[in-house]
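Below is one structure, written out as structure tokens; comments come after it.
There are 2 protein chains.
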Amino acid sequence: MAALPLEPTDHPYYRNTKVTSLSVTDVRYPTSLFADGSDAMHTDPDYSCAYVVLQTDHPDGHEGHGLTFTLGKGTNVVIAAVNALEHLVVDRNVHGIFANFAAFYRTISSESQIRWIGPEKGALHLATAAVLNALWDLWAKLEGKPLWKLIVDLQPEQIISAIDFRYIRDALTENEALTILREGQTGKQDRVREMEKNGYPAYSTSCGWLGYESDLLRKKLRTFIRAGWTRFKVKVGGSLDDDIRRLTIVREEIGYDKLLMVDANQKWDVPEAISWMQQLARFKPLWIEEPTSPDDVLGHAAVAKALAPLGIGVATGEQCANRVIFKQLLQASAISYCQIDTCRLGSINEILAVLLMACKFGVPVCPHAGGVGLCELAQHMAFIDYIVISKSLDNRVLEYVEHLHEHFAAPVTMKEQNYVPPTAPGYLVGMLPSSIAKYQFPNGPVWKDLMQHKAKPV
Amino acid sequence: MAALPLEPTDHPYYRNTKVTSLSVTDVRYPTSLFADGSDAMHTDPDYSCAYVVLQTDHPDGHEGHGLTFTLGKGTNVVIAAVNALEHLVVDRNVHGIFANFAAFYRTISSESQIRWIGPEKGALHLATAAVLNALWDLWAKLEGKPLWKLIVDLQPEQIISAIDFRYIRDALTENEALTILREGQTGKQDRVREMEKNGYPAYSTSCGWLGYESDLLRKKLRTFIRAGWTRFKVKVGGSLDDDIRRLTIVREEIGYDKLLMVDANQKWDVPEAISWMQQLARFKPLWIEEPTSPDDVLGHAAVAKALAPLGIGVATGEQCANRVIFKQLLQASAISYCQIDTCRLGSINEILAVLLMACKFGVPVCPHAGGVGLCELAQHMAFIDYIVISKSLDNRVLEYVEHLHEHFAAPVTMKEQNYVPPTAPGYLVGMLPSSIAKYQFPNGPVWKDLMQHKAKPV
Numbered sequence: 001m002a003a004l005p006l007e008p009t010d011h012p013y014y015r016n017t018k019v020t021s022l023s024v025t026d027v028r029y030p031t032s033l034f035a036d037g038s039d040a041m042h043t044d045p046d047y048s049c050a051y052v053v054l055q056t057d058h059p060d061g062h063e064g065h066g067l068t069f070t071l072g073k074g075t076n077v078v079i080a081a082v083n084a085l086e087h088l089v090v091d092r093n094v095h096g097i098f099a100n101f102a103a104f105y106r107t108i109s110s111e112s113q114i115r116w117i118g119p120e121k122g123a124l125h126l127a128t129a130a131v132l133n134a135l136w137d138l139w140a141k142l143e144g145k146p147l148w149k150l151i152v153d154l155q156p157e158q159i160i161s162a163i164d165f166r167y168i169r170d171a172l173t174e175n176e177a178l179t180i181l182r183e184g185q186t187g188k189q190d191r192v193r194e195m196e197k198n199g200y201p202a203y204s205t206s207c208g209w210l211g212y213e214s215d216l217l218r219k220k221l222r223t224f225i226r227a228g229w230t231r232f233k234v235k236v237g238g239s240l241d242d243d244i245r246r247l248t249i250v251r252e253e254i255g256y257d258k259l260l261m262v263d264a265n266q267k268w269d270v271p272e273a274i275s276w277m278q279q280l281a282r283f284k285p286l287w288i289e290e291p292t293s294p295d296d297v298l299g300h301a302a303v304a305k306a307l308a309p310l311g312i313g314v315a316t317g318e319q320c321a322n323r324v325i326f327k328q329l330l331q332a333s334a335i336s337y338c339q340i341d342t343c344r345l346g347s348i349n350e351i352l353a354v355l356l357m358a359c360k361f362g363v364p365v366c367p368h369a370g371g372v373g374l375c376e377l378a379q380h381m382a383f384i385d386y387i388v389i390s391k392s393l394d395n396r397v398l399e400y401v402e403h404l405h406e407h408f409a410a411p412v413t414m415k416e417q418n419y420v421p422p423t424a425p426g427y428l429v430g431m432l433p434s435s436i437a438k439y440q441f442p443n444g445p446v447w448k449d450l451m452q453h454k455a456k457p458v
Numbered sequence: 459m460a461a462l463p464l465e466p467t468d469h470p471y472y473r474n475t476k477v478t479s480l481s482v483t484d485v486r487y488p489t490s491l492f493a494d495g496s497d498a499m500h501t502d503p504d505y506s507c508a509y510v511v512l513q514t515d516h517p518d519g520h521e522g523h524g525l526t527f528t529l530g531k532g533t534n535v536v537i538a539a540v541n542a543l544e545h546l547v548v549d550r551n552v553h554g555i556f557a558n559f560a561a562f563y564r565t566i567s568s569e570s571q572i573r574w575i576g577p578e579k580g581a582l583h584l585a586t587a588a589v590l591n592a593l594w595d596l597w598a599k600l601e602g603k604p605l606w607k608l609i610v611d612l613q614p615e616q617i618i619s620a621i622d623f624r625y626i627r628d629a630l631t632e633n634e635a636l637t638i639l640r641e642g643q644t645g646k647q648d649r650v651r652e653m654e655k656n657g658y659p660a661y662s663t664s665c666g667w668l669g670y671e672s673d674l675l676r677k678k679l680r681t682f683i684r685a686g687w688t689r690f691k692v693k694v695g696g697s698l699d700d701d702i703r704r705l706t707i708v709r710e711e712i713g714y715d716k717l718l719m720v721d722a723n724q725k726w727d728v729p730e731a732i733s734w735m736q737q738l739a740r741f742k743p744l745w746i747e748e749p750t751s752p753d754d755v756l757g758h759a760a761v762a763k764a765l766a767p768l769g770i771g772v773a774t775g776e777q778c779a780n781r782v783i784f785k786q787l788l789q790a791s792a793i794s795y796c797q798i799d800t801c802r803l804g805s806i807n808e809i810l811a812v813l814l815m816a817c818k819f820g821v822p823v824c825p826h827a828g829g830v831g832l833c834e835l836a837q838h839m840a841f842i843d844y845i846v847i848s849k850s851l852d853n854r855v856l857e858y859v860e861h862l863h864e865h866f867a868a869p870v871t872m873k874e875q876n877y878v879p880p881t882a883p884g885y886l887v888g889m890l891p892s893s894i895a896k897y898q899f900p901n902g903p904v905w906k907d908l909m910q911h912k913a914k915p916v
């Protein structure tokens with residue numbers, strides 16, 4: 001099927017809008033000072049991002065803002081990768097990009113020389129995500145809509161034209177995708193209203209970081225239960241004894257009527273994952289997240305098969321490189337929960353492919369969030385999935401972490417532990433310039449101070 | 459099994475040797491001007507590398523030299539990644555590294571913050587390869603041996619202690635690996651002598667680039683046949699008609715008594731790969747290389763199953779990210795030929811894991827070479843595999859491309875289309891300082907000239 005041209009708008013300004021420049025900034029928050037975000041593999045993350053701004057010649061001064069999430073060191077490598085992609089986007093007419101977004105995705109994700117250092121994975125694909133996130137933000141702003149609304153208002157054929165189907169046609173053809181999206185049009189407005197009224201169900205990861213002491217863990221859980229939370233995720237994989245001690249505390253505090261998920265962050269070999277989780281099965285976790293290498297499709301399938309009789313599902317995705325890995329996880333029945341990441345995959349273009357494959361294979365999508373900016377981005381995926389793709393909330397929960405939202409101009413809004421659809425135009429909706437200035441690495445005042453006075457390793 | 463400490467030497471200088479600095483240089487050769495190396499996905503490669511030098515405080519001035527191969531643009535991203543790893547290697551005692559090389563591999567491949575931008579894939583893993591290649595070069599120089607000889611002289615327990623078995627134990631345990639290596643000790647000296655006498659069989663890719671016109675193709679083939687070559691690889695995947703035209707020429711020139719392999723460089727979807735190769739089956743290729751995405755284990759398995767009745771094997775590896783992907787390709791019977799790459803995998807540490815898994819699964823290893831420096835590096839892998847691991851030459855051929863060897867201080871030596879074991883100490887054996895200076899990007903004279911006078915896009 002040939003790509004179907006989009007006609008996003010007839011406004012003459014829009015048709016003539018060009019990207020005039022790309023700039024990218026290294027922004028890091030020293031979260032490792034407080035063990036926020038610590039897990040079995042990432043013991044001292046400084047939640048960070050490569051923050052991209054695309055300027056345009058639009059008379060209203062519209063800019064596209066996008067980011068990709070990182071853990072501190074290495075952010076500068078992603079920034080080098082963003083700069084390597086700059087020549088592919090600057091001077092481009094944005095209508096030309098949006099009208100055949102799949103072709104542009106191919107241009108940027110498979111540039112003849114640059115693709116060698118990926119392809120479609122690692123630092124290069126994180127950079128691709130940041131640039132494409134900024135373009136989708138720009139498109140949504142030009143339309144004056146939040147990103148999720150831009151997508152759910154598109155015609156199925158328009159959505160298809162944004163997806164590069166290369167490497168996935170053995171699992172999902174263009175026509176199959178079109179059928180799913182056409183079925184998603186039925187009752188669409190009802191689901192929009194439902195989301196606006198009730199929001200999308202969330203779970204909290206804020207209580208369960210591996211670095212938290214018992215007292216802090218208990219105190220945090222109580223605070224969250226009082227606030228009404230009923231779904232919790234806890235890190236595991238440090239040591240089996242410690243996991244048992246901590247999960248005992250968690251179940252003591254939350255009881256067995258609330259949802260518990262556990263997350264090993266790739267700590268284990270396949271046989272180790274199975275035996276370790278057999279020891280934790282009595283805590284009745286809904287899923288084990290990232291039991292082993294994110295590249296190991298067959299390994300996840302083996303873990304899933306072994307744990308199914310115990311009622312434990314397998315979840316993964318935040319470090320799964322691209323749609324080809326997700327395709328195989330679905331083909332091999334390796335996951336019961338599909339955890340797309342808005343900064344790891346090649347933005348909406350590639351995420352739409354995964355949402356559609358997950359729908360075809362009947363696997364619920366539970367996006368990865370947290371970090372910095374991931375909640376702001378991931379909520380759009382949940383709304384899109386529910387409103388025009390899966391049309392289901394069964395077994396679906398969206399991750400929520402409470403920290404770092406204060407750095408965003410339009411942070412996520414929660415209503416009784418549910419995400420409320422944002423109304424501001426755009427995707428990320430922008431970080432506060434004051435935050436960017438303060439936390440810019442290495443020259444922002446926060447980092448200058450840390451490096452001078454506290455001997456923080458950098 | 460705990461890692462077994464190495465005792466590489468008792469020389470006091472060696473015990474005290476420290477890495478004192480790391481430097482890395484962007485070296486690019488403008489090969490795209492001549493369509494050398496062009497294929498279905500990489501239409502205009504400038505064969506390039508990130509070239510790493512580790513200086514030490516050794517009184518004899520020993521340095522470790524390593525590189526990772528790239529295609530031009532994006533090399534600077536890999537250089538940023540090398541620099542991000544610098545703090546993990548500088549000031550380290552090299553004996554401490556070599557004595558438990560698996561632990562050091564883990565340190566550099568899974569640093570708590572940096573791993574997010576991989577893990578073990580893409581620009582970061584290419585950088586890891588460059589740094590580790592330089593360390594192995596240093597070790598071999600300290601021992602005064604070529605790299606292959608350093609390895610084949612190690613005890614099986616010492617080889618094991620260099621391998622990170624995380625994520626592969628479901629396919630190969632430490633004890634299984636040890637058994638293979640112990641069996642590899644039998645007849646070892648005979649195989650060393652055999653290699654020194656006859657060399658390792660090679661095939662040529664120099665005739666079959668996609669960008670070559672018919673006349674040039676025919677002329678090149680005749681030259682190579684006159685020189686005694688009997689094994690050829692040709693690029694495919696541009697268009698079916700053109701492939702048929704070119705393969706017709708190839709078989710006209712080489713006949714059906716010589717080996718022909720074809721290489722699609724990831725051009726196809728899975729169903730497309732199968733139907734396209736069914737059309738090319740009459741040319742009797744030994745293998746189809748990279749039929750689809752390097753991440754698609756299940757896709758390669760499907761292609762392998764469909765093409766087996768036609769006598770065509772599947773080969774892949776030059777862009778397979780790490781040992782976890784190779785593990786699955788072997789587990790799923792997805793490849794008949796295992797094409798490790800010395801700059802894509804995490805150097806000897808990770809390559810040894812793949813060689814051992816391939817041996818267990820009975821799949822021949824045919825290393826990827828060509829590019830710049832890859833022949834110089836890959837030959838060591840072939841010798842190691844034959845002498846102490848697989849002990850077999852059946853169905854094994856090592857890629858050879860004739861260009862760019864002149865930039866190396868000790869380029870590969872061929873004897874009747876076979877690789878002759880190098881005798882100079884080290885792994886890569888170093889690029890000529892004059893070449894580095896001339897082709898350094900963007901300030902070397904070659905690039906300054908191209909940018910000023912020929913408007914070469916950069």
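These protein sequences, in sequence, are chains G and L.
All residue numbers for the first sequence refer to the working numbering, where the first residue is 1 and numbers rise by one.
All residue numbers for the second sequence refer to the working numbering, where the first residue is 459 and numbers rise by one.
Beta carbons are placed, not taken as given, at the ideal position from N, Cα and C, and that holds for glycine.
Nearest-angstrom Cα separation, counted from residue j out to residue i
i: Glu111 of chain G; j: Ile809 of chain L; result: 28 Å
i: Gly902 of chain L; j: Ser293 of chain G; result: 41 Å
i: Arg640 of chain L; j: Lys646 of chain L; result: 10 Å
i: Gln513 of chain L; j: Val552 of chain L; result: 11 Å
i: His125 of chain G; j: Asp727 of chain L; result: 20 Å
i: Thr223 of chain G; j: Val429 of chain G; result: 29 Å
i: Gly371 of chain G; j: Asp57 of chain G; result: 32 Å
CB contact flag (residue i, residue j, <7 Å)
i: Val548 of chain L; j: Val482 of chain L; result: no
i: Glu253 of chain G; j: Leu221 of chain G; result: yes
i: Ser664 of chain L; j: Val485 of chain L; result: no
i: Asp295 of chain G; j: Ile783 of chain L; result: yes
i: Asp164 of chain G; j: Pro729 of chain L; result: no
i: Ile572 of chain L; j: Ala592 of chain L; result: no
i: Phe104 of chain G; j: Trp139 of chain G; result: no
i: Leu765 of chain L; j: Met735 of chain L; result: yes
i: Gln797 of chain L; j: Cys824 of chain L; result: yes
i: Gln837 of chain L; j: Tyr877 of chain L; result: yes
i: Ile842 of chain L; j: Ile609 of chain L; result: yes
i: Lys655 of chain L; j: Ala779 of chain L; result: no
Partners in chain L for residue i, counting only beta-carbon separations shorter than 7 Å
i: Ile114 of chain G; result: Lys531 and Gly532
i: Asn265 of chain G; result: Within chain L, no residue comes near Asn265 of chain G; the closest Cβ sits about 10 Å away, beyond 7 Å.
Minimum C-alpha distance to residue i - residue among the options
i: His65 of chain G; options: G:Val52, G:Asp57 and G:Asn76; result: G:Val52
i: Trp228 of chain G; options: G:Leu428, G:Met451, G:Pro30 and G:Gln417; result: Contrary to the premise, residue 228 of chain G reads as Gly rather than Trp in this sequence. The shortest C-alpha separation from Gly228 of chain G is found at G:Gln417.
i: Val363 of chain G; options: G:Ile389, G:Asn349 and G:Val372; result: G:Ile389
i: Glu174 of chain G; options: G:Gln185, G:Val82, G:Ile160 and G:Gly184; result: G:Ile160
Own chain partners of residue i with C-beta closer than 8 Å, once the 5 adjacent residues on each side are dropped
i: Glu544 of chain L; result: Leu480
i: Tyr844 of chain L; result: Arg649, Met653, Tyr658, Ser850, Leu851 and Arg854
Partners in chain G for residue i, counting only beta-carbon separations shorter than 8 Å
i: Trp499 of chain L; result: It should be pointed out that residue 499 of chain L corresponds to Met in this sequence rather than to Trp. Correct list: Ser110, Ser112 and Arg115.
7 Å Cβ cut-off: residues of chain G touching residue i
i: Ile783 of chain L; result: Asp295
i: Tyr625 of chain L; result: Asp269, Thr292, Ser293 and Asp296
Sequence-distant residues of its chain with Cβ nearer than 7 Å to residue i (five each side left out)
i: Glu918 of chain L; result: Residue 918 of chain L lies beyond the residue range present for chain L, which begins at 459 and ends at 916; the question has no answer from this structure.
i: Tyr439 of chain G; result: Val27, Arg28, Tyr29 and Val446
i: Leu247 of chain G; result: Val234, Leu280 and Phe283
i: Phe101 of chain G; result: Ser161, Ala162 and Asn349
Contacts around residue i, its chain only, beta-carbon distance under 6 Å, and the 5 residues preceding and following it disregarded
i: Tyr167 of chain G; result: Val324
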